[in-house]
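Okay, so here's the structure we're looking at.
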Amino acid sequence: MRYETIKTMILAVFVAASIFLTWMIWNFQPHYDTIDRRDIHQVSIAEERDTGSLIKPGKIMVNQVNRHYGTTDESEINDILKEMKGWSFYGSQGIKTLSVKDINSLEIGNNHVDIVFPENVPVKVYKDVVQFNDKSLPDTSFNRIVIDFTDGGHRDNNLYFLSTTSQKAYVCSVNYQYISSLMKDINKTLYDSYKLYDVYNLSKGKTILLPKDQTNMNTYRYITDEVPPEKFERALFPDPNFVKKGEVGDSQEYTNGTSMMRTNDSSKMLYYINPSEDSNYQTNADDLLKRSLEFMNHPGMWTDTYHYFQMNLKKHQVIFRMYLHGTPVFENSKMAEIMLQWGENEIYQYNRPFYRLAILVPQKVSESMLPGGAEVIQEISKISGISLDRVDDLQIGYQLINDTDYDSKQNNVLIFEPEWYYLYNGDWIPVSQDQLGGKQGGLE
4 MRYETIKTMI
14 LAVFVAASIF
24 LTWMIWNFQP
34 HYDTIDRRDI
44 HQVSIAEERD
54 TGSLIKPGKI
64 MVNQVNRHYG
74 TTDESEINDI
84 LKEMKGWSFY
94 GSQGIKTLSV
104 KDINSLEIGN
114 NHVDIVFPEN
124 VPVKVYKDVV
134 QFNDKSLPDT
144 SFNRIVIDFT
154 DGGHRDNNLY
164 FLSTTSQKAY
174 VCSVNYQYIS
184 SLMKDINKTL
194 YDSYKLYDVY
204 NLSKGKTILL
214 PKDQTNMNTY
224 RYITDEVPPE
234 KFERALFPDP
244 NFVKKGEVGD
254 SQEYTNGTSM
264 MRTNDSSKML
274 YYINPSEDSN
284 YQTNADDLLK
294 RSLEFMNHPG
304 MWTDTYHYFQ
314 MNLKKHQVIF
324 RMYLHGTPVF
334 ENSKMAEIML
344 QWGENEIYQY
354 NRPFYRLAIL
364 VPQKVSESML
374 PGGAEVIQEI
384 SKISGISLDR
394 VDDLQIGYQL
404 INDTDYDSKQ
414 NNVLIFEPEW
424 YYLYNGDWIP
434 VSQDQLGGKQ
444 GGLE
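Here it is in structure tokens:
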């Protein structure tokens, strides 16, 4: 009897344990870390870059005593921007609409520093570069920062975030001591780092400042290497495991059924399109530029030196252009620019080179002497079908040329040759060396 009782008790314990363990299994909820899909395909192609290094002026003008001095020197521009980062912009006077006469007065009038950007920059984006005291910033853009350095009894001076295209300016105040300190630094290097500029007329009422004398520029050759296209594949497609790869001539194609990336081995260009994205939507310049900066920084897809250069709000496009020694680079096949076109939620189209500059060929560096502003304007006026009153800007740039004398399957050699360019109907067009009398001098 005792033996049967013990067996019954043991069996009861087993049954109870079984019930308890079953209950534990049913109610057990393991802890899983949340997977962020944005990090699944995070690929580091290059280091992230801050807003100030991507949105940069291309030229700084100093206008004083009816004389105009300008510089495109990288180190000089960087020194001025570094000093301005410590300033505080306050006492906003709001948005002012200016006449053409007012704008000319700011650009070429005495006692003004004119910091010139290649494209309009939203004020709300530039707050990541300089300090605005105003809590609420306006929905406006600028392509000039004009500093009034008139000594008015050490009063605080005005500073204009000016758009020459919309003829509007966001006007702030700056402590005069900041400006006085800046002008002391500028005057130390004015005659060494700056060139003398003159005012030239493009048409009635339309003027431009250009170098008065010839400009000495180098031609460079660089051996290039490439970023493996697979890195862009992993960065652009949500799940690379579903991507199929194929060959079409000298191109590679990658597709997941909804989007496609194509790379061209000869031009080292990459083209991506996501047609499932809706490109018919409304946006603003602030949002468009922010999205583009964030996209390029995550997962850090910068190669070489690129600056914000152009925006087409209607097409939702932003273009970053290659710069060499502070000078923009141009090429007809878009080999010197990164173009982003946005859909409503994701990138719609993305075109860019996947080469990068690797080694300078020093024995191939040569000199060119580019003419002054008067000769350039004279030559442009002779071009058939070109009207000077439709020329919006002129500047020196590098023309990118493939060195066909260099034979290598692994690397290409690119030539960077200085040229005058003029902006006509939205396009930058070179004024050839032949038209301007060809190269002078040389170290080759």
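According to my numbering, the residues represented by the sequence shown are 4 to 447, in order.
The beta-carbon is built from N, C-alpha and C at its ideal position, and this holds for glycine as well.
Keep in mind that this is a model prediction, so the values were computed, not measured.
Cβ neighbour criterion (16 or more within 10 Å) applied to residue 253 = Within the sequence shown, residue 253 is the residue found at index 250, counting from 1. That one is exposed.
How would you call residue 384, buried or exposed, if buried means at least 16 neighbouring beta carbons within 10 angstroms?
-> Within the sequence shown, residue 384 is the residue found at index 381, counting from 1. Residue 384 should be labelled exposed.
With a cut-off of 8 Å, do at least 3 Cβ pairs link the segment 159-173 to the segment 334-354?
-> no
Can you tell me which of the three DSSP states residue 380 falls into?
-> Counting from 1 along the sequence shown, the entry for residue 380 is found at position 377. Of the three classes helix, strand and coil, the one that applies to residue 380 here is helix, per DSSP.
Buried versus exposed, by CB contacts within 10 Å (16 or more), residue 355 = Indexing the sequence shown from 1 puts residue 355 at position 352. Buried: at least 16 other Cβ atoms inside 10 Å.
Cα-Cα separation between residue 224 and residue 416, rounded to whole angstroms = The residue given as residue 224 occupies position 221 in the sequence shown. The residue given as residue 416 occupies position 413 in the sequence shown. Using only the alpha carbons, I get a separation of about 7 Å.
Exposure label - residue 244; buried when at least 16 CB within 10 Å = As a position in the sequence shown, residue 244 is number 241, starting the count at 1. Residue 244 comes out exposed.
Cβ-based burial, residue 158 [other Cβ within 10 Å; buried from 16] = Looking up residue 158 in the sequence shown gives position 155. Residue 158 should be labelled exposed.
Grab me the residues of residue 304's own chain with a C-beta within less than 6 Å of its C-beta, minus the 5 sequence neighbours each way, in chain order.
-> Here residue 304 corresponds to residue number 301 of the sequence shown, with the count starting at 1. Result list for residue 304: 48, in chain order.
Look at the alpha carbon of residue 218 and the alpha carbon of residue 328, and state the distance between them as a whole number of angstroms.
-> For the purposes of this step, residue 218 is taken as residue 215 along the sequence shown, with counting starting at 1. For the purposes of this step, residue 328 is taken as residue 325 along the sequence shown, with counting starting at 1. About 15 Å.
Would you check if the distance between the CB atom of residue 85 and the CB atom of residue 133 is smaller than 8 Å?
-> In the sequence shown, counting from the first residue as 1, residue 85 sits at position 82. In the sequence shown, counting from the first residue as 1, residue 133 sits at position 130. No. Outside cutoff.
Own chain partners of residue 167 with C-beta closer than 7 Å, once the 5 adjacent residues on each side are dropped = The sequence position of residue 167 within the sequence shown is 164, counting from 1. Closer than 7 Å at Cβ, skipping near neighbours: 106, 146, 147.
Grouping DSSP H, G and I as helix and E and B as strand, with all else coil, what is residue 458?
-> Lying outside 4 to 447, the shown extent of the chain, residue 458 is not represented and no answer is given.
Could you give the distance in angstroms between the alpha-carbon of residue 263 and the alpha-carbon of residue 209?
-> The residue labelled residue 263 in the question sits at position 260 within the sequence shown. The residue labelled residue 209 in the question sits at position 206 within the sequence shown. Each residue's alpha carbon lies about 46 Å from the other.
Can you give, in chain order, each stretch of the alpha helix (DSSP H) that sits fully within the segment 272-336 and has at least 4 residues?
-> 288-300
Quick one, which of 215, 433, 398 has its alpha-carbon nearest residue 330's?
-> Position 327 of the sequence shown holds residue 330. That would be 398, whose Cα lies nearest to the Cα of residue 330.
If you draw a straight line from the alpha carbon of residue 362 to that of residue 317, how long is it in whole angstroms?
-> For this step, residue 362 is matched to residue 359 along the sequence shown. For this step, residue 317 is matched to residue 314 along the sequence shown. Approximately 39 Å, taken between the alpha carbons.
Taking just the CA atoms, how far does residue 406 sit from residue 373?
-> Your numbering for residue 373 matches position 370 in the sequence shown. Your numbering for residue 406 matches position 403 in the sequence shown. Their backbone Cα atoms lie some 22 Å apart in a straight line.
With a 10 Å radius around its C-beta and 16 neighbouring C-beta atoms as the bar for buried, classify residue 104 as buried or exposed.
-> The residue given as residue 104 occupies position 101 in the sequence shown. Result: exposed.
Would you please state the rounded distance, in angstroms, between the beta carbons of residue 282 and residue 321? I believe it to be under 8 Å.
-> In the sequence shown, counting from the first residue as 1, residue 282 sits at position 279. In the sequence shown, counting from the first residue as 1, residue 321 sits at position 318. Not quite, the Cβ-Cβ distance comes to about 14 Å (not below 8 Å), so this is no contact.
Output the distance between the C-alpha atoms of residue 286 and residue 348, rounded to the nearest integer angstrom.
-> Against the sequence shown, residue 286 aligns to sequence position 283. Against the sequence shown, residue 348 aligns to sequence position 345. Between residue 286 and residue 348, the C-alpha separation is close to 11 Å.
Three-way DSSP call (helix, strand, coil) for residue 389 in this model | Reading the sequence shown from its first residue, position 386 is the one you call residue 389. Three-state result, residue 389: coil.
In terms of residue numbering, what span does the alpha helix (DSSP H) encompassing residue 192 cover?
-> In the sequence shown, counting from the first residue as 1, residue 192 sits at position 189. Per DSSP, residue 192 belongs to the alpha helix (DSSP H) from 179-196.
Backbone CA spacing between residue 194 and residue 408 [nearest angstrom] = Within the sequence shown, the letter at position 191 stands for residue 194. Within the sequence shown, the letter at position 405 stands for residue 408. Their Cα atoms are separated by approximately 41 Å.
Where residue 43 falls: helix, strand or coil (DSSP) | Position 40 of the sequence shown holds residue 43. Low local confidence applies: a pLDDT of 36 at residue 43 is under 50, so the model's placement there is unreliable, with the coordinate-based value given in what follows. DSSP places residue 43 in coil when its eight states are reduced to three.
Hey, would you say residue 403 sits closer than 8 Å to residue 332, going by beta carbons?
-> Reading the sequence shown from its first residue, position 400 is the one you call residue 403. Reading the sequence shown from its first residue, position 329 is the one you call residue 332. Yes; because the gap between Cβ atoms is below 8 Å, this pair is in contact.
Which full runs of the alpha helix (DSSP H) of 4+ residues lie inside the segment 65-99, going along the chain?
-> 77-87
Contacts around residue 376, its chain only, beta-carbon distance under 7 Å, and the 5 residues preceding and following it disregarded = Taking the first residue of the sequence shown as position 1, residue 376 is located at position 373. So the qualifying residues of the chain are 201, 203, 213, 214, 215.
In the structure shown, what three-state DSSP assignment does residue 240 receive?
-> Residue 240 sits at position 237 when you count from the first residue of the sequence shown. Three-state result, residue 240: coil.
Residue 1 - containing alpha helix (DSSP H), residue span | Since the first residue of the chain shown is 4 and the last is 447, residue 1 is not available in this structure.
If you draw a straight line from the C-alpha of residue 81 to the C-alpha of residue 152, how long is it?
-> Position 78 of the sequence shown, counted from the start, is the residue given in the question as residue 81. Position 149 of the sequence shown, counted from the start, is the residue given in the question as residue 152. Cα to Cα, residue 81 sits roughly 19 Å from residue 152.
Alpha-carbon to alpha-carbon, residue 119 and residue 74 | The count along the sequence shown starts at 1 and reaches residue 74 at position 71. The count along the sequence shown starts at 1 and reaches residue 119 at position 116. Distance between the alpha carbons of residue 74 and residue 119: 10 Å.
Residue 247 - containing beta strand (DSSP E), residue span | By one-based count along the sequence shown, residue 247 stands at place 244. Note, residue 247: beta strand (DSSP E), 247-251.
In angstroms, rounded to a whole number, what distance separates the CA positions of residue 336 and residue 429?
-> Within the sequence shown, the letter at position 333 stands for residue 336. Within the sequence shown, the letter at position 426 stands for residue 429. Rounded to whole angstroms, residue 336 to residue 429 spans 16 Å at the Cα level.
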